[in-house]
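16 is the number of the first residue of the sequence shown in my numbering; add one for each residue after it.
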Amino acid sequence: MKEMIGKVAGFFNGIQNIVVLTGAGMSVDSGIPAFRGSQGLWSKYDPMEYASIDAFCNNPVKVWKMLKELDEAVACAEPNPAHYSLAELERMGRVSLLVTQNIDGLHQAAGSRQVVEFHGSQRRLRCLSCGRTFSRNEVMMLEDPPRCLCGGLIKPDIVFFGEEIPERAIKAAFAMSSICQLMLVVGSSAQVAPASHLPLLAKQAGARVVEINLEKTALSEEISDVVLLGDAGEILPELVEQIREKCDD
Ligand code: NAD
Numbered sequence: 016m017k018e019m020i021g022k023v024a025g026f027f028n029g030i031q032n033i034v035v036l037t038g039a040g041m042s043v044d045s046g047i048p049a050f051r052g053s054q055g056l057w058s059k060y061d062p063m064e065y066a067s068i069d070a071f072c073n074n075p076v077k078v079w080k081m082l083k084e085l086d087e088a089v090a091c092a093e094p095n096p097a098h099y100s101l102a103e104l105e106r107m108g109r110v111s112l113l114v115t116q117n118i119d120g121l122h123q124a125a126g127s128r129q130v131v132e133f134h135g136s137q138r139r140l141r142c143l144s145c146g147r148t149f150s151r152n153e154v155m156m157l158e159d160p161p162r163c164l165c166g167g168l169i170k171p172d173i174v175f176f177g178e179e180i181p182e183r184a185i186k187a188a189f190a191m192s193s194i195c196q197l198m199l200v201v202g203s204s205a206q207v208a209p210a211s212h213l214p215l216l217a218k219q220a221g222a223r224v225v226e227i228n229l230e231k232t233a234l235s236e237e238i239s240d241v242v243l244l245g246d247a248g249e250i251l252p253e254l255v256e257q258i259r260e261k262c263d264d
C-alpha cells in the first residue's frame with residue numbers, strides 16, 4: 016500500500032489543477048453512517064419514501080423524523096484525519112477544488128476553504144415557499160416540521176431526490192472537472208448522478224483518476240488509474256507525507 020500511495024504522490028508533481036470528489040465514506044469515522052451498507056440510514060429508511068421532495072411535501076411529519084436523526088448525527092460529528100488531510104493538501108496548494116456530496120460541513124470544520132457542497136448543507140435550512148434561510152439552531156430543535164413566517168414548509172437545505180443540484184455548485188464542479196489534471200475520489204461509490212459524472216468528465220479531459228474506497232466501485236475497472244482500497248483516515252495522512260517528500264515544485 017505504501018508503494019501505491021507513493022505512486023499517487025508522484026502524480027501531484029508539476030500539476031496545478033487537482034479536484035477532489037468526496038462522499039459519505041469520508042465521514043463514517045466521524046460517526047455519520049454512509050447511506051448504503053448495514054449501518055446506513057437507508058437500511059432503516061427507504062430513500063424514496065423519505066428523501067424525495069415529493070415525500071417531504073406529502074408527509075413532512077414522517078420525513079422530519081428521519082431528518083432529526085440525520086441532524087443529530089451531523090450535529091455532534093467532528094472532522095477525522097481524512098478531512099484534516101484534505102484541508103492540509105489545500106494549504107499546500109495541492110487542491111484546486113473540493114466537491115463534496117456530503118451535507119455535514121466537516122470539510123469546512125477541518126479547514127478546507129475551496130469547497131463546493133454539491134448536495135447542499137444540513138447546517139442550513141430553507142423555506143420552500145419564500146426561500147428564507149435559517150440556521151439549524153433557530154429551528155432544528157422543534158419537534159414538528161417548522162413553518163416559516165410566510166407559512167411555507169422549512170426543510171434542511173439538502174438536495175432531495177427530485178430536486179435540482181444548486182446551479183453554482185454544478186457549474187463550478189463541472190468546469191473544474193473538465194480541465195483538471197488529477198481527480199481524487201474519496202469515500203464515494205459514485206452511484207449518485209450527476210456527481211458520478213465528474214470522474215468520467217475528468218478522465219475524458221485526460222486527467223488521472225485515483226480512488227480511495229473500502230471496496231471497489233463502478234469506477235474501479237474502467238475509470239480509475241489507481242484504486243487504493245482502505246480507510247481514507249489512514250491513506251490520506253500517508254499521502255500528505257509522501258507528497259511533502261516527493262514533490263519539489
Ligand atoms: P455511498 O454510501 O454510496 O458510498 C460510500 C463509499 O465510501 C463506499 O464506496 C465505501 O467503500 C466508502 N467508505 C466507507 N468508509 C470508508 C472509509 N473509512 N474510508 C474510505 N472509504 C470508505 O456514498 P456516496 O457515494 O457519497 O453517496 C451517498 C449519498 O448520500 C451522497 O449523495 C451524500 O450526499 C449522501 N450522504 C451524505 C452523508 C454525509 O454528509 N456525511 C452521509 C450519508 C449519505
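In this text, a Cβ means the ideal position worked out from N, Cα and C, and glycines have one as well.
Being a predicted model, the structure only gives us computed values, none of them experimental.
Residues sharing a beta bridge with residue i, DSSP
{"i": "S150", "result": "R139"}
{"i": "P171", "result": "L140"}
{"i": "T37", "result": "T115, V201"}
{"i": "R223", "result": "L197"}
{"i": "F27", "result": "Partner(s): none; F27 has no beta bridge."}
{"i": "S45", "result": "The partner list for S45 (beta bridge, DSSP) is empty, contrary to what the question assumes."}
Close beta carbons around residue i, own chain, < 6 angstroms, minus the five adjacent residues each side
{"i": "E226", "result": "V200, L234, S239, V242"}
{"i": "D44", "result": "N95, G248"}
{"i": "E253", "result": "I20"}
{"i": "I185", "result": "none"}
Straight-line Cα distance separating residue j from residue i
{"i": "Y65", "j": "K231", "result": "28 angstroms"}
{"i": "V89", "j": "I47", "result": "7 angstroms"}
{"i": "V23", "j": "A217", "result": "16 angstroms"}
{"i": "A208", "j": "L215", "result": "11 angstroms"}
{"i": "Q219", "j": "I33", "result": "15 angstroms"}
{"i": "A39", "j": "V114", "result": "12 angstroms"}
{"i": "L85", "j": "R138", "result": "11 angstroms"}
{"i": "E237", "j": "E153", "result": "46 angstroms"}
{"i": "D119", "j": "T37", "result": "12 angstroms"}
Three-state secondary structure assigned by DSSP to residue i
{"i": "L197", "result": "strand"}
{"i": "R162", "result": "strand"}
{"i": "E132", "result": "strand"}
{"i": "L101", "result": "helix"}
Neighbourhood of residue i by C-beta distance below 8 angstroms, restricted to the same chain and skipping five residues each side
{"i": "L168", "result": "F71, C72, P75, C142, L143, S144, P160, R162"}
{"i": "E105", "result": "L113, G126, S127, R128, Q129"}
Chain-order list of residues whose beta-carbon lies under 7 angstroms from that of residue i (same chain, five-residue window excluded)
{"i": "A205", "result": "S211, P214, T232, A233, L234"}
**Request:** Specify which residues have a beta carbon nearer than 5 angstroms to any heavy atom of the ligand NAD, listing them in chain order.
**Result:** Listed along the chain, these residues meet the criterion: G38, A39, G40, S42, V43, I47, A49, F50, R51, Q116, N117, I118, D119, H134, G202, S203, S204, V207, N228, L229, E230, D246, A247.
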